[in-house]
Amino acid sequence: MGASSDERDPPRVTAIGAAAVDEWYAVSNLPEPDGGAYASEVETAPGGVGANVAVGLDRLGRDVGLVSRVGDDEYGDLARSWLAESGVDGSRVTVGDDPTTRSVILSAPDGERAIVTAGESFRELRLDPTTLESIVESEVVFLTAYTPDRVARAVLDRVLDAPEADRPALVFDLSGPVEELAGRGTEPETVHGYLHRADLFVAGGVAAPAYFGGVDAAVDRLSAVRTRSVGPAVLTHGADGMTVIADGEATRVDAFEVDVVDTTGAGDAFLAGLIDRLLLADGGSTEESAGGTLVDAARFASAVAAINCTERFTQTGLPTREEVRRFLAERDADLR
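So for the sequence shown, this note's numbering puts the first residue at 364; every next one is plus one.
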């Protein structure tokens, strides 16, 4: 008989985030206010930031588990069945009475999209003591700003209470603007805690200006806060690349140009690549060991995101490590 979920060794990476269902509409255009659009295709696919990052790391060959909550409904059944088809440990995905988190995604011909999310299941996530201890025993812990504030605070407090030598690396993704997070995600005060204490802080091109007051203000603030003693930060700008910040210095890194099919989940794919390249060692491999420069890690992550954009949906387009190697080799990128 196999070990129970409570007896398993914690995965190297624990992702905390939604395992959601994406209802994907291929629309003629993204409608303006009071405007309309025509959907030529409608598909259902796995999604959710937490599940996307976890599956992205699994595709890269990492040992990863997901902490999430779904509803006891057909959407929840779908989310769990998709997760079971991956190598992600879903033993910490609980089932509740609230509707499963799901998103309606309008995807335009140029790959740009608009997203509306509904469902209370992940918003009602709570951590029991056993789950919390398992989380902090991982090597890396990833949280999205859509994580309920009580959960984000509990993880931050528990990690900071641990002896420094035993603490996991904390990765926080400021993945939504303040007004969208209000009442359902991580509150500004807790975001502030992660800004100053997370080992890696990532902010999206929409979320960062809303939180910091503008792109330039975000770069200035992150450069002031993310010093050598704290850790790096990355500010993403979509197709315009990213700004990486380490030791108080900001460097712009270009994105890769590809034929875009769908940008949904590109940021989540980027996060998986960044965590893989920057924070996880490979048991002595000199080619792909962790600890390279932040720019190297950002380019690797950018390649993961670029490949993801060439396929429909998020999880179906997440690449393997070999696919990323080939992509970078074709562009004469240095993987060392």
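Cβ coordinates follow ideal geometry from the N, Cα and C atoms, glycine included.
In this structure, Ala-382 sits near Gly-411, with a CB-CB distance shorter than 9 Å. Here the stretch 573 to 591 makes no contact with the stretch 625 to 639; the two share fewer than three CB pairs at distances below 8 Å.
Residue state for Asp-603 is assigned as helix, using DSSP reduced to three classes. Per DSSP, the continuous alpha helix (DSSP H) segment holding Ser-497 begins and ends at 492 to 499. The distance from the Cβ of Thr-679 to that of Ala-408 is about 7 Å, consistent with a contact at the 8 Å cut-off.
Uninterrupted beta strand (DSSP E) stretches at least 3 residues long and entirely within the stretch 535 to 588 occur at 563 to 566, given in chain order. Its Cα nearest to that of Thr-507, the residue Val-565 stands out among Glu-620, Ala-692 and Val-565. For Glu-406, there is no enclosing alpha helix (DSSP H); the residue is part of the beta strand (DSSP E) that begins and ends at 402 to 410. Per DSSP, the unbroken beta strand (DSSP E) holding Phe-505 starts and ends at 503 to 507. With three or more CB-CB distances shorter than 8 Å, the stretch 492 to 508 counts as touching the stretch 535 to 548. Between the alpha carbons of Ala-471 and Glu-527 lies a gap of roughly 47 Å.
By the Cβ criterion, the stretch 385 to 396 is not in contact with the stretch 512 to 526, since fewer than three pairs of Cβ atoms, one from each stretch, lie closer than 8 Å. By the beta-carbon neighbour count (other beta carbons within 10 angstroms, threshold 16), Gly-398 is exposed. Of all C-beta pairs linking the stretch 654 to 673 to the stretch 437 to 446, fewer than three are shorter than 8 Å, placing the two stretches out of contact.
DSSP links Arg-425 through a beta bridge to no other residue. If you draw a 10 Å sphere on the C-beta of Leu-523, you find fewer than 16 other C-beta atoms in it, and that means exposed. Straight through space, the alpha carbons of Trp-445 and Ala-618 are spaced by roughly 30 Å.
DSSP places Glu-395 outside both helix and strand once states are collapsed to three, so it counts as coil. Pairing Arg-530 with Glu-475, the inter-Cα distance amounts to about 39 Å.
Of the residues assessed, Ile-478 falls on the exposed side of the cut-off, its CB having fewer than 16 other CB atoms within 10 angstroms. In this structure, Thr-463 sits near Ser-484, with a CB-CB distance shorter than 9 Å. Nearest Cα to Asn-671 within the set Thr-377, Ala-692 and Thr-626: Thr-626.
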